[in-house]
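Student: Would you mind keeping the following structure in view while I ask a few things?
Here you go:
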């Protein structure tokens, strides 16, 4: 017997978002309460910690309509694009709806959306943002009209929640994997669909609104200059699609499901006993130390590794020490009187420190530049301590 093809494949991406799963449960409950049930859920867990992964896995085993896919990307920078491409590969529906785990759907949402799905158009959703004080989740599905008035409606530029024909999304080559941590992959997907000739419309139905659950603003810790680079990348791609049309993309050619045993950098990071000869320590001057790190990496043989396990807090304390304060004052005094302050330069050099966020940025861009030469990498940061493993 031929397997049934659902009308919708609903894609949700996730990683360590909620320790108590309240947001997850609320979102999934609104899916189960839909009047239109011809859909499947493709839930991609992009590297949650083991205890969260096991809890979600057990939860989804009780939901035959929901498909849970885990890729062990612990220590990799978050990439919504890669996670969505995995979901696209596993999807089977005629249409794909990209959904966020924070969304709550009112009961008629999929039914009304189904009525407006056509192959030559893509629909971008507008949502209502619930305030922090909102607690009436049990009444939202039946009394949503009264909550719409007090909720802020998203603007027309938001494109994170979109529905399009599955074949059209596959033809685009998937989401742009250049973006990570934070990016404009959703805006670029809209431009790709336009280049294919699809009409982009906004879907906002008064009888079937979507609500966004409030949550604390996440501190993304974007590397210096990254938001500007992402935006310039998006503008470049947008112009390319407008002038040259939809070009072949390999973003979704072979999305990888990582298994723990195939992650050498992860296994090295979890091993307390590491080869001290592979340990690299950043020292002053930082510019010289950074060049040494590059040289050490380039000298590695295939399969060999290098790691950084360093606490940057002591240097930060030293910078604020009495010696650092005294040198700073002396430097100003000598500069005021026009006296050579070579000694002060030396003292400042001795107390130089590298802020932990600056080191994070350097390692992020290192991965970005050398990604094609990396077999695997692992990055974690706890306050002032960084553990970074790179396998060539």
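In our numbering, the protein residues as written are 12 to 403. Note that beta-carbon positions come from the ideal geometry of N, C-alpha and C, so glycine has one too. From a predicted model like this one, the values you see are computed outputs, not experimental measurements.
Rounded to a whole number of angstroms, what is the C-alpha to C-alpha distance between residue 251 and residue 75?
Tutor: Taking the straight line from one Cα to the other gives about 42 Å.
Student: Based on the DSSP output, what are the partners of residue 192 in its beta bridges?
Tutor: Looking at the DSSP assignment, residue 192 forms no beta bridge with any residue, so it has no partner.
Student: In the DSSP assignment, what residue or residues form a beta bridge with residue 56?
Tutor: According to DSSP, which records beta bridges pairwise, residue 56 is partnered with 25, 81.
Student: Quick check: what's the CA-CA separation for residue 253 versus residue 122?
Tutor: When rounded, the distance between both Cα atoms is 34 Å.
Student: Figure out for me which residue from 100, 108, 115, 136 has the closest Cα to the Cα of residue 268.
Tutor: Minimum Cα distance to residue 268 is reached at 100.
Student: Going along the chain, which residues of its own chain have a beta-carbon closer than 6 Å to the beta-carbon of residue 390, five neighbours each way excluded?
Tutor: Same-chain partners within the cutoff: 86, 399.
Student: Under 8 Å by Cβ, that's how I've got residue 200 and residue 186 pegged, so tell me the actual separation to the nearest angstrom.
Tutor: With 8 Å as the limit, residue 200 and residue 186 qualify as a contact, their Cβ atoms being about 6 Å apart.
Student: Could you tell me which of 40, 308, 368 sits nearest to residue 386, measuring between CA atoms?
Tutor: Of the listed residues, the one whose Cα sits closest to residue 386 is 308.
Student: Between 245, 303, 155, 284, which has its C-alpha nearest residue 140's C-alpha?
Tutor: Residue 155 is the option with its Cα nearest to residue 140.
Student: Decide if residue 310 is buried, meaning its Cβ has at least 16 other Cβ atoms within 10 Å, or exposed.
Tutor: The residue in question, residue 310, is exposed, as its Cβ has fewer than 16 Cβ neighbours within 10 Å.
Student: With distances taken between CB atoms, is the gap from residue 303 to residue 396 smaller than 8 Å?
Tutor: No.
Student: For residue 163, write down the residues that DSSP places opposite it in a beta bridge.
Tutor: 140, per the DSSP bridge assignment.
Student: Within 10 Å of its beta-carbon, does residue 188 have 16 or more other beta-carbons around it, so buried, or fewer, so exposed?
Tutor: The residue in question, residue 188, is buried, as its Cβ has 16 or more Cβ neighbours within 10 Å.
Student: Put residue 381 into one of helix, strand or coil per three-state DSSP.
Tutor: Here residue 381 sits in helix by DSSP.
Student: Starting from residue 290, follow its DSSP beta bridges and name the residues at the other end.
Tutor: Beta-bridge pairing links residue 290 to 318.
Student: Could you give the distance in angstroms between the alpha-carbon of residue 78 and the alpha-carbon of residue 16?
Tutor: Those two C-alpha atoms are separated by around 14 Å.
Student: Tell me whether residue 37 sits in a helix, a strand or coil according to DSSP, three-state version.
Tutor: Helix, per DSSP.
Student: State the DSSP-derived secondary structure class of residue 110, mapped to helix, strand or coil.
Tutor: Of the three classes helix, strand and coil, the one that applies to residue 110 here is strand, per DSSP.
Student: Quick one, are the C-beta atoms of residue 317 and residue 293 less than 8 Å apart?
Tutor: No. Outside cutoff.
Student: By alpha-carbon positions, which one of 300, 320, 305 ends up nearest to residue 285?
Tutor: Of 300, 320, 305, the residue nearest in Cα terms is 320.
Student: Decide if the segment 132-146 is in contact with the segment 201-214; the criterion is three or more beta carbon pairs, one per stretch, under 8 Å apart.
Tutor: Counting Cβ pairs under 8 Å, three or more are found: they touch.
Student: If we ignore side chains and look at the alpha-carbon of each, how far apart do residue 21 and residue 270 end up?
Tutor: Spanning the two alpha carbons is a distance of roughly 24 Å.
Student: Starting from residue 279, trace the alpha helix (DSSP H) in both directions and tell me its first and last residue.
Tutor: Run containing residue 279: 275-281, per the alpha helix (DSSP H) assignment.
Student: Across which residues does DSSP place residue 392 in a beta bridge pair?
Tutor: Its beta-bridge partners are 397.
Student: Span of the beta strand (DSSP E) holding residue 298?
Tutor: First-last for residue 298: 297-309, but that is the alpha helix (DSSP H), not the beta strand (DSSP E).
Student: Could you tell me which residues DSSP puts in a beta bridge with residue 20?
Tutor: Beta-bridge pairing links residue 20 to 51, 107.
Student: Give a yes or no on whether the C-beta atoms belonging to residue 204 and residue 190 are separated by under 8 Å.
Tutor: Result no, Cβ atoms of residue 204 and residue 190 do not sit closer than 8 Å.
Student: I believe residue 198 touches residue 257 by the beta-carbon criterion, under 8 Å. Please report the beta-carbon distance rounded to the nearest angstrom.
Tutor: Rounded, the Cβ-Cβ distance is 16 Å, inconsistent with contact.
Student: Taking C-beta to C-beta, are residue 148 and residue 37 nearer than 8 Å?
Tutor: For residue 148 and residue 37, yes; Cβs fall inside 8 Å.
Student: What span of residues does the alpha helix (DSSP H) with residue 122 cover, start to end?
Tutor: Its alpha helix (DSSP H) spans residues 120-126.
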